[in-house]
Ligand code: ADP
Ligand code: ZN
């Protein structure tokens, strides 16, 4: 059975870091809509040019555009064994569209990373990313170069204080309802993101394993027997 993981959580919760780490250990792609949009901005594509101003204000890019991006990306062969989706869905309309896309695939495991608001504001105000490869730098680490590629560390354009506040506001109004949307599913889990990254990573793995049992019972009858057969 494919491991189709969806990471939920506010900006600054550590979704991207955890998604990247988990995807790497499982050998499945991490699909981050924030990264896809930032790449489009750099490449100056049509979507990138339109998205830049929206992202810089901390607002959301329109649902149709985002759904199209994710639909195309999920069609690629490298998602056959699973994927980690980070930053999508961000609205209930996106979640509904994703359910339609996923109707013929193995069920989603949804993990919500919970972090108190004050901690989010602190993290977002001090977060640095690599100018070259986009990696997140550890908070308060004090170095000026990227540990992965040696690139220059800079503050993300949408991490200045006014924009941070706007992004959290947008999260509460547009994205938090997703928690209620998914909460009723047997494959939904919440983990505490206000812990050291290694502990969050361990909790994430445990949450996925326990949710995976729910995913098997959700699968369609024929597929279900097959899935049980290949379970470790
Ligand atoms: P963070 O990691 O802080 O949550 P992201 O890197 O995921 O932020 O996204 C950065 C910006 O890209 C968002 O503030 C938003 O403008 C845009 N964006 C990313 N994903 C989506 C989406 N699914 N729907 C609409 N806008 C999006
Ligand atoms: Zn780098």
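Residue numbers (the numbering used here): 21 to 252.
Even glycine gets a Cβ: it sits at the ideal position worked out from N, Cα and C.
Residue i: which of the options sits nearest, CA to CA?
{"i": "residue 29", "options": "230, 185, 195", "result": "195"}
{"i": "residue 130", "options": "107, 140, 169", "result": "107"}
{"i": "residue 33", "options": "230, 90, 141, 153", "result": "141"}
{"i": "residue 118", "options": "64, 93, 204", "result": "93"}
{"i": "residue 231", "options": "153, 134, 155, 207", "result": "207"}
{"i": "residue 52", "options": "86, 185, 78", "result": "86"}
{"i": "residue 78", "options": "24, 54, 122, 165", "result": "54"}
{"i": "residue 124", "options": "22, 26, 66", "result": "22"}
Let's see if you can read the secondary structure: which residues bound the beta strand (DSSP E) around residue i?
{"i": "residue 28", "result": "23-28"}
{"i": "residue 210", "result": "208-212"}
{"i": "residue 128", "result": "128-134"}
{"i": "residue 102", "result": "102-106"}
{"i": "residue 173", "result": "173-175"}
{"i": "residue 148", "result": "148-150"}
{"i": "residue 51", "result": "50-52"}
Counting C-beta neighbours from all protein chains within 10 Å, is the total for residue i 16 or more, i.e. buried, or is it exposed?
{"i": "residue 69", "result": "exposed"}
{"i": "residue 243", "result": "Per-residue confidence for residue 243 stands at a pLDDT of 45, beneath the threshold of 50, marking its modelled position as unreliable; the derived number appears in the next sentence. Residue 243 comes out exposed."}
{"i": "residue 48", "result": "buried"}
{"i": "residue 50", "result": "buried"}
{"i": "residue 148", "result": "buried"}
{"i": "residue 61", "result": "buried"}
{"i": "residue 250", "result": "The predicted position of residue 250 is uncertain, since its pLDDT is 42 and thus under 50; no value can be drawn from it."}
{"i": "residue 96", "result": "exposed"}
{"i": "residue 75", "result": "buried"}
Is residue i near ligand 1, going by C-beta to nearest heavy atom under 7 Å?
{"i": "residue 187", "result": "yes"}
{"i": "residue 53", "result": "yes"}
{"i": "residue 217", "result": "no"}
Regarding residue i and ligand 2, is the C-beta to nearest heavy atom distance less than 7 Å?
{"i": "residue 36", "result": "no"}
{"i": "residue 147", "result": "no"}
{"i": "residue 156", "result": "no"}
{"i": "residue 96", "result": "no"}
{"i": "residue 203", "result": "no"}
{"i": "residue 176", "result": "no"}
I need the boundaries of the alpha helix (DSSP H) containing residue i, first residue and last residue.
{"i": "residue 199", "result": "197-203"}
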